Amino acid sequence: MSGIHDFIDNEVKTNDVVLFMKGTPEFPQCGFSGQVAQILDYVGVDYKGINVLADADIRQGIKDYSNWPTIPQLYVKGEFIGGCDIVREMFQSGELQSHLQERGISVKGAA
Numbered sequence: 001m002s003g004i005h006d007f008i009d010n011e012v013k014t015n016d017v018v019l020f021m022k023g024t025p026e027f028p029q030c031g032f033s034g035q036v037a038q039i040l041d042y043v044g045v046d047y048k049g050i051n052v053l054a055d056a057d058i059r060q061g062i063k064d065y066s067n068w069p070t071i072p073q074l075y076v077k078g079e080f081i082g083g084c085d086i087v088r089e090m091f092q093s094g095e096l097q098s099h100l101q102e103r104g105i106s107v108k109g110a111a
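111 is the number that UniProt numbering gives the last residue of the sequence shown; the numbers go up by one with no jumps.
This is how it looks when you write it as structure tokens:
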């Protein structure tokens, strides 16, 4: 099981923005994953989508990794941000955009 943990840890730490989701950014397989992908596309941030449906070990492993029971899960610069509700609230308040910018990640329409 540590192989999965190492894989997840590496993805989270080597990509600025990672979304563990059901499906892919182009073809989300669940509404919540789709919403987070849409938000990330809207703010114009480059991110890596990892399809948890492709691998049951990853699907379980990411829940263990974050101690968070649901997918999708968004990570920015190695830090767990949250799932769909949290990301949506942060986006609506503008907090998501400033959080990304503070970490040196460019967003669309940013000054």
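Glycine included, C-beta positions come from ideal geometry on N, C-alpha and C.
Note that the coordinates shown come from a computational prediction; the quantities given were computed from them, not determined experimentally.
Check whether residue i and residue j have beta carbons under 8 Å apart
i: Val87; j: Gly44; result: no
i: Met21; j: Pro72; result: yes
i: Val36; j: Leu53; result: no
i: Lys48; j: Asn15; result: yes
i: Val17; j: Asp46; result: yes
i: Ile39; j: Phe91; result: yes
DSSP state of residue i mapped onto helix, strand, coil
i: Gln97; result: helix
i: Gln73; result: strand
i: Ile4; result: helix
i: Lys108; result: coil
i: Arg103; result: coil
i: Asn67; result: coil
Continuous beta strand (DSSP E) stretch holding residue i: start and end
i: Glu26; result: Per DSSP, Glu26 belongs to no beta strand (DSSP E) and is neither H nor E.
Strand pairing of residue i, partner residues [DSSP]
i: Glu79; result: Val76
i: Leu53; result: According to DSSP, Leu53 bridges with nothing at all.
i: Lys48; result: Val18
Exposure of residue i, with buried meaning 16 or more beta-carbon neighbours within 10 Å
i: Gly94; result: exposed
i: Tyr42; result: exposed
i: Ser33; result: buried
i: Asn67; result: exposed
i: Gly104; result: exposed
i: Gly61; result: buried
i: Asn10; result: exposed
i: Gly23; result: buried
i: Gly31; result: exposed
Heavy atom of the ligand GTP within 7 Å of residue i beta-carbon
i: Glu11; result: Annotation note on the ligand GTP: not contained in the displayed structure, which lists no ligands.
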